Amino acid sequence: NKNDNKDHHSQIPSVIPSKPPPVGENENPLSSAYTFWFSQRGRSAKNKTSAGDFEQNIKYICSVSSVEQFWRAYSRIIQPNELTGRCDIHLFKFGIRPMWEDEANKNGGKWQVRLKKGGATRCWENLILAMVGEQFACGGEICGAVVSVRYHTEDIVGVWNRTATNLAIITQIRDIMKRVLNLPTSSIMEYKEHFESIKDASNRQNNYSQHQASGHHSNGHVRNIDNEGVRGGQHRNERGGHRGGRLIHRD
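Heads up, our numbering is the position in the sequence shown plus 260, with the first residue counted as 1.
Now the structure itself:
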């Protein structure tokens with residue numbers, strides 16, 4: 261439903277099925293079944309960083325097992341350029357929750373790229389078509405993809421994989437992601453391991469709690485890691501090496 265975010269929320273099923281839908285007669289099966297998820301947070305939610313808080317906020321939309329089911333679902337789901345505020349659309353392999361702590365994700369990480377407003381819908385479609393079409397060609401390494409709509413001048417698209425220590429796979433995902441998104445040469449891609457995201461979120465929550473305990477309110481310096489890039493050269497390695505849990509690449 262594309263009327264508005266609230267209508268979209270109200271029509272999301274409350275029960276997550278234990279099995280993906282069967283492939284219908286004369287339908288073309290996908291190599292893997294996938295699930296669409298949706299999350300929306302206000303500014304006041306940025307300090308809720310625990311797995312429980314996030315899990316309560318994320319909503320199951322539907323699962324698909326065939327090409328035809330995918331297109332039926334995709335055509336009905338609200339598009340990134342129609343969203344406002346802090347919203348995320350996730351497409352993950354069936355059985356994998358779009359959470360750092362999920363068993364399939366906990367040892368992995370994600371490539372992400374920041375896009376100027378207006379470019380997210382095209383890039384999101386190209387990215388998920390490449391993913392469900394197995395263009396990344398790296399076996400079971402791909403967990404899912406996410407598009408994150410933010411308040412200001414940028415949106416974010418990303419691909420999650422299982423193994424953050426496999427540099428060859430990480431490089432392959434990066435190169436294919438660059439190709440399918442047709443990124444400009446000035447684009448900066450960031451790879452971040454999920455354990456670093458968990459650690460940063462925990463530190464942010466501790467800082468926020470200390471502010472509250474001391475009678476101070478958050479002044480905006482505590483930022484959500486999903487909306488925080490690598491700035492001022494911090495943790496940056498232009499040659500694509502590891503440093504501080506992140507891998508940075510710029511053409």
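Glycine included, every Cβ here is placed at the ideal spot set by N, Cα and C.
Source: prediction; values computed, not measured.
For P280, name the three-state secondary structure that DSSP assigns.
Start at 1 with the first residue of the sequence shown, and residue 280 comes out as number 20. P280: coil per DSSP, three-state reduction.
Is the beta carbon of V283 closer than 8 Å to that of S326?
One-based indexing of the sequence shown puts residue 326 at position 66. One-based indexing of the sequence shown puts residue 283 at position 23. Contact check for S326 against V283 passes: the beta carbons are separated by less than 8 Å.
Going by other Cβ atoms of all chains shown within 10 Å of its Cβ, with 16 needed for buried, is H350 buried or exposed?
The residue labelled residue 350 in the question sits at position 90 within the sequence shown. So H350 ends up on the buried side.
Measure the C-alpha to C-alpha separation of T344 and W297 and round it to an integer number of angstroms.
Along the sequence shown, one-based indexing puts residue 344 at 84. Along the sequence shown, one-based indexing puts residue 297 at 37. One C-alpha to the other measures close to 17 Å.
What are the start and end residues of the beta strand (DSSP E) that includes Q372?
To locate residue 372, count along the sequence shown from 1; it is residue 112. Residues 369-376.
Using DSSP with H/G/I as helix, E/B as strand and the rest coil, what is G418?
Along the sequence shown, read from residue 1 onward, the residue named residue 418 stands at position 158. In the structure shown, G418 sits in a strand (DSSP, three-state: E or B).
Please report how far the alpha carbon of F455 lies from the alpha carbon of K366, in whole angstroms.
Counting from 1 along the sequence shown, the entry for residue 455 is found at position 195. Counting from 1 along the sequence shown, the entry for residue 366 is found at position 106. Approximately 7 Å, taken between the alpha carbons.
Helix, strand or coil, according to DSSP, for M391 in the structure here?
The count along the sequence shown starts at 1 and reaches residue 391 at position 131. Three-state DSSP puts M391 in a helix.
May I ask you to report which of helix, strand or coil DSSP gives S335?
In the sequence shown, residue 335 corresponds to position 75, counting from 1. S335: helix per DSSP, three-state reduction.
By the three-class DSSP mapping on this structure, what secondary structure does M437 have?
For the purposes of this step, residue 437 is taken as the residue at position 177 of the sequence shown. Reduced to three states, the DSSP call for M437 is helix.
Is K377 buried or exposed, if buried means 16 or more other CB atoms sit within 10 Å of its CB?
The residue labelled residue 377 in the question sits at position 117 within the sequence shown. Exposed.
Could you check what DSSP says for P340 in three-state terms: helix, strand or coil?
Here residue 340 refers to the residue found at position 80 of the sequence shown. It is helical.
Check the DSSP bridge columns for E453 and list the partner residues they point to.
Counting from 1 along the sequence shown, the entry for residue 453 is found at position 193. Its beta-bridge partners are G369.
Just checking, does the region 434-452 make contact with the region 346-360 on the three C-beta pairs under 8 Å criterion?
no
What's the gap between the Cα of Q432 and the Cα of R422?
Mapped onto the sequence shown, residue 432 falls at position 172. Mapped onto the sequence shown, residue 422 falls at position 162. When rounded, the distance between both Cα atoms is 14 Å.
Rounded to a whole number of angstroms, what is the C-alpha to C-alpha distance between N531 and D435?
There is no way to answer for residue 531, as the model of the chain reaches only from 261 to 511.
What do you reckon, are the CB atoms on V417 and V407 nearer than 8 Å?
Here residue 417 refers to the residue found at position 157 when the sequence shown is read from its first residue. Here residue 407 refers to the residue found at position 147 when the sequence shown is read from its first residue. Yes.
What are the residues that DSSP puts in a beta bridge with G404?
Translated into positions along the sequence shown, residue 404 becomes position 144. BP columns for G404 point to F352, W420.
What does a CB cutoff of less than 7 Å around A364 pick up in its chain, not counting 5 residues either side in sequence?
Indexing the sequence shown from 1 puts residue 364 at position 104. Around A364: I356, C403, R422.
Round the Cβ separation of A293 and P280 to the nearest angstrom and send it over; I've been treating them as touching at under 8 Å.
As a working note, residue 293 is residue 33 in the sequence shown. As a working note, residue 280 is residue 20 in the sequence shown. Indeed, because the Cβ distance is near 3 Å, the residues count as touching under 8 Å.
Please list, in chain order, all residues of the same chain as D362 whose beta carbon is under 7 Å from its beta carbon, the five residues on each side excluded.
In the sequence shown, residue 362 corresponds to position 102, counting from 1. These residues qualify, in order along the chain: I356.
Assign L375 to buried or exposed, taking buried as 16 or more other Cβ atoms, counted over all protein chains shown, within 10 Å of its Cβ.
On the sequence shown, position 115 is the one that residue 375 refers to. L375 comes out buried.
Using 10 angstroms around the beta-carbon of A405, count the other beta-carbons present and answer buried if the total reaches 16, otherwise exposed.
The sequence position of residue 405 within the sequence shown is 145, counting from 1. Result: buried.
By how many angstroms is the C-alpha of V440 removed from the C-alpha of C383?
For this step, residue 383 is matched to residue 123 along the sequence shown. For this step, residue 440 is matched to residue 180 along the sequence shown. Whole-angstrom Cα-Cα distance: 8 Å.
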